[in-house]
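Protein chains: 2
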Amino acid sequence: MFQLSKRVEYALIAIRHIAMQPNSRMHTTKEIAEKYQISYQLLAKVMQRMAKKGYVVAHHGVNGGYTIARDANTLTISSIIQAVEGKPNVTIIQCEAETPENCIIHGTCTIKNPLVKLQDNINKVFDQLTIMEMV
Amino acid sequence: MFQLSKRVEYALIAIRHIAMQPNSRMHTTKEIAEKYQISYQLLAKVMQRMAKKGYVVAHHGVNGGYTIARDANTLTISSIIQAVEGKPNVTIIQCEAETPENCIIHGTCTIKNPLVKLQDNINKVFDQLTIMEMV
DNA sequence: TGAAGTTGGACTAAATCAGTCGTATTTAAT
DNA sequence: ATTAAATACGACTGATTTAGTCCAACTTCA
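Order-wise, the sequence lines are chains A and G.
Residue numbers for the first sequence follow this note's numbering, beginning at 1 and rising by one.
Residue numbers for the second sequence follow this note's numbering, beginning at 136 and rising by one.
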């Protein structure tokens, strides 16, 4: 519970790796997967999602790979999670993740308000840590 | 991802319910389950775990039920999660939850240090919110 | 003795997650 | 043109986790 998924871990490892190297150097999925001994296929998907969000730029074909697309200062852990998980945010409570009506105890729920505050505080934590601070 | 389990939700609802009522009033699992329309069996297990941790006191037999055992000010969300999940804490990174050697990328992992800091900040958030603040 | 409680282990079904496979597409080098 | 190296992406499998159920015990009061 409350553990980062492998997808997010791999995304952080990869984007940190790319962000650390001198500008515009190209990095392939294969290179990163081998260096950190992680699943090539899974990392490939993760990279695709980050490319789709515009956090990295994909260069197809021979000598292709990925380069970083944005200032590492503007890339937060929040953004990465959102990109690879596809969900709007880190949502600790069901009724905020989906529509309130989907929550089985909607109507009798007495803990929503305090948990929304908790949620806000957690969001802050994830919004504050940038990739820049990880290199 | 990063959603509270139903166990934790039910625990919070129940302990808040108990904490709200005048002192020493007894509350049965059945009463709480019916009031909030949640699974009796699941709530029963959750209550057992909280009783084992000493957060509530179980009174067996007829006219039994649970009473609160501690000042609601000293009961944090952290404690509740720990009680019902059985894990030492909210651990976002695998290598902190288990032994580092269990992590497949232990040795090549470059994101551990920043994530440990993230972990600390999250812990603070969960340690700060008490049941008292929920009533 | 029976009813109303808690205790707790075993089990099932559904959902999520990690990882794999196969195929298509793009592009640079030859 | 062809080939090799790279990304893109949907479908699938197996393992794990989670929610919830079932059932049999134990405890206590009236």
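No residue lacks a Cβ here, since even glycine has one placed at the ideal position from N, Cα and C.
- Your pair Asp262 (chain G) and Ser213 (chain G) checks out as a contact, with CB atoms roughly 5 angstroms apart and the cut at 8 angstroms.
- Note that the C-beta distance between Leu177 (chain G) and Tyr145 (chain G) is below 8 angstroms.
- Interface criterion met: the Cβ of Lys87 (chain A) is under 8 angstroms from a Cβ in chain G.
- Proximity of Arg184 (chain G) to chain A, defined by a Cβ-Cβ separation below 8 angstroms, is not satisfied.
- In the three-state scheme derived from DSSP, where H, G and I count as helix and E and B as strand, Val191 (chain G) is classed as strand.
- In terms of beta-carbon proximity, Gln138 (chain G) lines the interface with chain A, with at least one pair separated by less than 8 angstroms.
- Cβ-Cβ distances below 7 angstroms link Tyr36 (chain A) to Ile13 in the same chain, with the five nearest sequence neighbours on each side left out; the list follows chain order.
- Within its own chain, the residues whose Cβ lies closer than 8 angstroms to the Cβ of Val192 (chain G), once the five positions on either side in sequence are excluded, are Ala186, Tyr201, Thr202, Ile203, Ala204, listed in chain order.
- Contact of Tyr171 (chain G) with chain A is assigned, a C-beta pair being separated by under 8 angstroms.
- Interface residue (Cβ-Cβ distance to chain A less than 8 angstroms): Glu144 (chain G) is classified as such.
- Closer than 8 angstroms to the CB of Thr91 (chain A) there is at least one CB belonging to chain G.
- Boundaries of the alpha helix (DSSP H) around Ile13 (chain A): 6 to 20.
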